[in-house]
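Undergrad:
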Amino acid sequence: MAYTSTDYEEEEMQMARYAKALSHPARIAILKLLASMDTCFCGEIVDILPIAQATVSQHLKELKESGLIQGSIEPPKIRYCIEPENWEKAQSLFSDFWQQTFISQSNGRKA
Numbered sequence: 112m113a114y115t116s117t118d119y120e121e122e123e124m125q126m127a128r129y130a131k132a133l134s135h136p137a138r139i140a141i142l143k144l145l146a147s148m149d150t151c152f153c154g155e156i157v158d159i160l161p162i163a164q165a166t167v168s169q170h171l172k173e174l175k176e177s178g179l180i181q182g183s184i185e186p187p188k189i190r191y192c193i194e195p196e197n198w199e200k201a202q203s204l205f206s207d208f209w210q211q212t213f214i215s216q217s218n219g220r221k222a
């Protein structure tokens, strides 16, 4: 039986969006950088990480679409930061998932 997007719960769909956003090492590096700073501009990320400006912009777009970061326009630049509500939601979803998976595996093991 093939699944469609309507066969999944909203939590599963959201978790998949977060996982996709986290699926590239450059995006992980960008998130770590943003988490260590209150906010920063794309140019600052380019100055710190060994990634071209166009590539950083594309990764920021992916992270923003996932909801993990937000950007506020300060012409002519955009200031980026972690989106706190979605960041906490992602942490909770993944924590619950890993905890539930571990418990299921532990209960199924024989001593």
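With the working numbering applied, the sequence shown corresponds to residues 112 to 222, in that order.
Note that the Cβ used here is the ideal one computed from N, Cα and C, for glycine as well.
In this text the structure is predicted, and so the values were computed from the model without any measurement.
Ignoring anything shorter than 4 residues or poking outside the region 139-210, list the alpha helix (DSSP H) runs there in chain order.
TA: The region 139-210 contains these whole alpha helix (DSSP H) runs: 153-159, 164-177.
Undergrad: Would you say R128 and S177 are within 7 Å of each other, going by their C-beta atoms?
TA: For the purposes of this step, residue 128 is identified with residue 17 of the sequence shown, where counting begins at 1. For the purposes of this step, residue 177 is identified with residue 66 of the sequence shown, where counting begins at 1. Against a cut-off of 7 Å, the Cβ pair of S177 and R128 comes out as a contact.
Undergrad: For the region 119-126 against the region 135-144, do three or more pairs of beta-carbon atoms, one drawn from each stretch, fall closer than 8 Å, so that the two count as touching?
TA: The answer is no - the region 135-144 does not touch the region 119-126, with fewer than three Cβ pairs under 8 Å.
Undergrad: Run through DSSP, which three-state label would Y129 get?
TA: Along the sequence shown, one-based indexing puts residue 129 at 18. The answer is helix: DSSP assigns Y129 an H, G or I state.
Undergrad: Look up E120 in the DSSP assignment and say whether it is helix, strand or coil.
TA: Taking the first residue of the sequence shown as 1, we reach residue 120 at position 9. Coil, per DSSP.
Undergrad: Who are the Cβ neighbours of L133 in its own chain at under 7 Å, not counting the five residues just before and after it?
TA: The sequence position of residue 133 within the sequence shown is 22, counting from 1. Once the five neighbours on either side are set aside, the close Cβ partners of L133 are I139.
Undergrad: Which same chain residues, not among the five before or five after L144, have their C-beta less than 8 Å away from its C-beta?
TA: By one-based count along the sequence shown, residue 144 stands at place 33. Correct list, in chain order: C151, I156, I159, L160.
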